[in-house]
Amino acid sequence: MATRNDLCNAIRALSMDAVQKANSGHPGAPMGMAEIAEVLWNHHLRHNPTNPNWADRDRFILSNGHGSMLIYSLLHLTGYDLPMDEIKTFRQLHSKCAGHPEYSYAPGIETTTGPLGQGITNAVGFAMAEKLLADQFNKPGHDIVDHYTYCFLGDGCMMEGVSHEACALAGTWGLGKLVAFWDDNGISIDGHIEGWYTDDTAKRFEAYGWHVQSVDGHDSDAINAAVIAAKKVKDKPSLICCKTIIGKGSPNKAGSHDCHGSALGDAEVAVTRAAIGWPHAPFEIPADVYAGWDGKAKGAKLESDWNTKFAAYAKAFPAEAAEFKRRMAGDLPANWKQATDALIAATNEKAEGIATRKASQNAITALAIVLPEFLGGSADLTGSNLTSCPSFTHVDGKKPGNYISYGVREFGMFAIMNGMALHGGLLPFGGTFHMFSDYAKSALRMAALMKQRTIAVLSHDSIGQGEDGPTHQPVENTSGLRYIPRMDVWRPGSSTETAVAWVAAVERKDGPSSLVLSRQNVAGIKHDTAQFALMRKGGYVFSDVSGKADVIIIANGSELDLAVKAAAELNAAGTKVRVVSMPSTNVFDRQDKAYRDSVLTPGVKRVAVEAAHPDFWRKYVGLEGAVVGIDTFGESAPGGVLMKHFGFTVENVVATVKSVL
-15 MATRNDLCNA IRALSMDAVQ KANSGHPGAP MGMAEIAEVL WNHHLRHNPT NPNWADRDRF
45 ILSNGHGSML IYSLLHLTGY DLPMDEIKTF RQLHSKCAGH PEYSYAPGIE TTTGPLGQGI
105 TNAVGFAMAE KLLADQFNKP GHDIVDHYTY CFLGDGCMME GVSHEACALA GTWGLGKLVA
165 FWDDNGISID GHIEGWYTDD TAKRFEAYGW HVQSVDGHDS DAINAAVIAA KKVKDKPSLI
225 CCKTIIGKGS PNKAGSHDCH GSALGDAEVA VTRAAIGWPH APFEIPADVY AGWDGKAKGA
285 KLESDWNTKF AAYAKAFPAE AAEFKRRMAG DLPANWKQAT DALIAATNEK AEGIATRKAS
345 QNAITALAIV LPEFLGGSAD LTGSNLTSCP SFTHVDGKKP GNYISYGVRE FGMFAIMNGM
405 ALHGGLLPFG GTFHMFSDYA KSALRMAALM KQRTIAVLSH DSIGQGEDGP THQPVENTSG
465 LRYIPRMDVW RPGSSTETAV AWVAAVERKD GPSSLVLSRQ NVAGIKHDTA QFALMRKGGY
525 VFSDVSGKAD VIIIANGSEL DLAVKAAAEL NAAGTKVRVV SMPSTNVFDR QDKAYRDSVL
585 TPGVKRVAVE AAHPDFWRKY VGLEGAVVGI DTFGESAPGG VLMKHFGFTV ENVVATVKSV
645 L
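Okay, so the sequence shown: first residue is -15 according to our numbering, each after it adds one.
So this is what it looks like as C-alpha cells:
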C-alpha cells in the first residue's frame, strides 16, 4: 500500500517530468504544495471524477495557475478523463494540459487561471454564488446547495490588486464556505520576495474579516487540522497560510527561483528522483499509488447521496426543484420569448427620447420579473448607470437578495461575476462608467476567453457625458472592447435598440456582452416592426432611398440621430443617402456576406459617425470614406457644448459626406 509520502511524490514526479519533457513550465509550486494538495483532495474535497459537473460538488480553484501541473496531476491521479498521454503533451498544441489551466480543456478545470489574482477573485464569486443559491433554494431539512470553494494561491496572487478588492468583499460577506490556502514560499520569478513584498498577510486578512491560521505546509496532520478548523467557522472565509519550500525535493534548486519558472534539467530531475525515493521511470505511476489516489468510488457515492437528497427535495418542492434544474442547465424560462417580444413591442410603441442608460433600466425592470436568476450589481454607481430596479433587493451576504453593491471595485466586480457565471444558476451583470472598463479589461477578456455569459453595463459612453471632463470621457474604450474576441459590444441608438441589445445579451450562451450606454438623451424613434429582427444582426438599413444610394452613413448611439438629420438635408438637396444603424459591429461581422453586402452596398462611398476614436471605422469606410470621430481627449463642459465643439453636428456630417463624393 502506498504511503502518504508516495502519494505526494507522485505529484512531484509527474510535475517535474512533464515540465522537463516540454522544457517549459513551473515545477516549483506543484512540488512545494504536494502535501497541501494530498490532504485537501484525498480527505476533504467532495468531487466525482466520473461526473465533474454535478451541481453540489466542491469547487477547486488553482489561482497560482502557472503551477498547472499540480491540478493536472491531481485530475489524472484521482481518475478524471485525463490520460497520461495528455500529461505527456503538457504545453503542446491542442493538449488538454495547457500552460495554464484553461476552462473547458480538461475535465475538472473550474476556471481559467492565467492572470494572477483572478483565480482567487473567481473563487470569491463561486462562494458568493453558493451562498445566494442556498438562500434561494434550500429549505428546512433540505440543503441541496451546500458545498465549499477551495482555492490555492501564491505570493503573486497576494500582490495583485484585484485580490485585495475581492478578499475584502469576501470578508464583508462572511463567506464561511470559502477556504483559501496561501503557498507562502517567499519566491517569485525575480527571486526572494522580501525586497518587494513585506506585507503582514495574516494581519491583513484578519483585518478583512477572515479567519486566519498558519501552518507548516509540509506537515500533513497540521494542514488537515487547519482545514477542519476552517470548516467549523461558518461566518468568515478562511485563509490557511502554508509555509512551504518551493521545489521541495530538488537537492540543488529547492527554495530558489531557479525552479519557479523553468524546467529543473535532466541532471536535477535524476538526483531529485533519488532524493525523494522515487525509483520509477518518467510518467510511470505504480498501481498502489493510483489506488491511493483513486476518487471515483468515493465520488460516485457522494453524488449518489446528493441525488437521493435532491429526489426528496423534488418530492417536497417540485416547482423549486424544476427551477433549480433549469437554472443550473442555463436554460431560459418557458415564457421568455413571449415576455421579451412584449418588452420590445411596448418599448417601441412608447418611442421615448431618453438616455439609453434609462432605456436600459426600463429593460432590466421588465427582464427581472421574468428571470429569477438575474443578479445585478454596480461598482458604487447604481444611481448613475441605473442598474437597479424595483424588484431587486440588495444583498450583502447577511441577507438574501439579487442586487450587489460591489463598492469601488470595477476589476473585482467583473472577475467575481466570472466566478458566478462559471458556478451556474445565476446570470450576473455589473455596471460602471464606460471609462472605467479599462480597470476591468482583463476580467472582461477572461469572460470572453471562457465563453461566459456575463453582461457589462457601461454608461456615460462618450464626450457627450459632459462636465466630468476627459478623465471620465471614453474615446478609445469602445474600440478596445470590440477587439476582444467573442465580446459582443452593443451601443444602441434608441430605446428599442437598447431593449433588443439586452435580450440578445441574455440569450447569448457563448460569451459576454458589453452594453455601452449614453448619459445624454437619444432621439425618440419608433421603428418599423420589421426592423426588430434586423437589429439582432448588429447592423441594418435604418432608412433608405429609391434606387442606388450615392453614399451610406453608418452611425450608432446618440449619433444615429445626427446621421438621420444629415441624411434628410442631403436627400432634400438631391444626394441619395442610406442610413445604416450599427449598434453592434461584432454581431454584424458574424452575418453572412450576402447580408453584409445588402446593408453596406459594395462600391458605395461611406461615412461613419461615432463619438469615439475614428480609426476603428476604417474597416467599414475604407480609405476613400470618412469618419466623424474624435482622436483627442475631451474637455470639461456640458455634453451638448462638447458635441458641437468636436464636430458632432448635422452641419459637419453633411460637410463630411460632401467631401467624399
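We put the CB at the ideal spot given by N, CA and C, even for glycine.
Neighbourhood of residue i by C-beta distance below 7 Å, restricted to the same chain and skipping five residues each side
{"i": "Ile71", "result": "Leu(-2), Ala2, Tyr56, His60, Cys81, Phe267"}
{"i": "Arg30", "result": "Arg41, Asp42, His131, Leu286"}
{"i": "Met566", "result": "Gly522, Gly523, Ile538, Asn540, Phe572"}
For residue i, the three-state DSSP class (helix, strand or coil)
{"i": "Gly12", "result": "helix"}
{"i": "Gly51", "result": "helix"}
{"i": "Val588", "result": "coil"}
{"i": "Ser240", "result": "coil"}
{"i": "His27", "result": "helix"}
{"i": "His84", "result": "coil"}
{"i": "His511", "result": "coil"}
{"i": "His126", "result": "strand"}
{"i": "Ile614", "result": "coil"}
{"i": "Leu153", "result": "helix"}
{"i": "Trp38", "result": "coil"}
{"i": "Leu117", "result": "helix"}
{"i": "Tyr524", "result": "strand"}
{"i": "Pro458", "result": "coil"}
{"i": "Gly170", "result": "coil"}
{"i": "Gly415", "result": "strand"}
{"i": "Tyr134", "result": "strand"}
{"i": "Ile468", "result": "coil"}
{"i": "Phe267", "result": "coil"}
{"i": "Leu544", "result": "helix"}
{"i": "Gly175", "result": "strand"}
{"i": "Arg429", "result": "helix"}
C-beta atoms of residue i and residue j nearer than 8 Å
{"i": "His378", "j": "Gly385", "result": "yes"}
{"i": "Gly12", "j": "Arg75", "result": "no"}
{"i": "Ala411", "j": "Val487", "result": "Correcting the residue identity first, residue 411 is Leu in this sequence and not Ala. No, Cβ-Cβ distance for Leu411 and Val487 is not below 8 Å."}
{"i": "Leu607", "j": "Ile536", "result": "no"}
{"i": "Thr482", "j": "Ser344", "result": "yes"}
{"i": "Gly508", "j": "Glu336", "result": "yes"}
{"i": "Cys141", "j": "Ser47", "result": "yes"}
{"i": "Arg562", "j": "Ala533", "result": "yes"}
{"i": "Gly403", "j": "Pro33", "result": "no"}
{"i": "Ile104", "j": "Leu137", "result": "yes"}
{"i": "Thr647", "j": "Leu433", "result": "What is shown of the chain runs -15 to 645, which leaves residue 647 out entirely."}
{"i": "Asn208", "j": "Val392", "result": "no"}
{"i": "Met397", "j": "Gly361", "result": "yes"}
{"i": "Asn106", "j": "Ile45", "result": "yes"}
{"i": "Ser463", "j": "His597", "result": "yes"}
{"i": "Cys226", "j": "Phe165", "result": "yes"}
{"i": "Leu428", "j": "Ile468", "result": "yes"}
{"i": "Leu66", "j": "Pro14", "result": "no"}
6 Å CB neighbourhood of residue i in its chain, flanking five on each side removed
{"i": "His195", "result": "Val217, Lys220, Ser222"}
{"i": "Ala238", "result": "Ile229, Gly231, Lys232"}
{"i": "Lys285", "result": "none"}
{"i": "Leu159", "result": "Ala111, Pro221"}
{"i": "Gly98", "result": "Gly49, His84"}
{"i": "Ser446", "result": "Ala595"}
Endpoints, the beta strand (DSSP E) within which residue i is located
{"i": "His195", "result": "195 to 200"}
{"i": "Val563", "result": "561 to 565"}
{"i": "Ser389", "result": "387 to 389"}
{"i": "Leu646", "result": "Nothing in the structure corresponds to residue 646, since the chain is present only between -15 and 645."}
{"i": "Phe398", "result": "Premise fails: Phe398 lies in the alpha helix (DSSP H), 394 to 407, not in any beta strand (DSSP E)."}
{"i": "Val661", "result": "This structure cannot speak to residue 661, because the chain is shown only from -15 to 645."}
{"i": "Phe358", "result": "358 to 362"}
{"i": "Ala539", "result": "535 to 539"}
N- and C-terminal bounds of the alpha helix (DSSP H) containing residue i
{"i": "Tyr579", "result": "577 to 583"}
{"i": "Ser443", "result": "Where Ser443 is concerned, there is no enclosing alpha helix (DSSP H), although the beta strand (DSSP E) it sits in stretches over 439 to 443."}
{"i": "Ser(-1)", "result": "-12 to 6"}
{"i": "Gly276", "result": "271 to 277"}
{"i": "Ala326", "result": "320 to 334"}
{"i": "Arg602", "result": "602 to 605"}
Own chain, CB closer than 8 Å to residue i, minus 5 neighbours either side, in chain order
{"i": "Ala6", "result": "Phe74, Arg75, Gln76, Ala247"}
{"i": "Arg470", "result": "Ala432, Leu433, Lys435, Asp494, Gly495, Pro496"}
{"i": "Arg647", "result": "Residue 647 is absent from the structure shown; the chain starts at -15 and stops at 645."}
8 Å Cβ cutoff, residue i in contact with chain B
{"i": "Gly360", "result": "Among the protein chains of the structure shown there is no chain B, as only one such chain exists."}
Check: Does the stretch 604 to 620 come close enough to the stretch 439 to 453 to have 3 or more Cβ pairs within less than 8 Å?
Finding: yes
- For the stretch 348 to 358 against the stretch 305 to 320, are there 3 or more C-beta pairs whose distance is under 8 Å? yes
**OP:** Could you tell me whether the stretch 409 to 423 touches the stretch 586 to 603, where touching means 3 or more Cβ pairs closer than 8 Å?
**Re:** no
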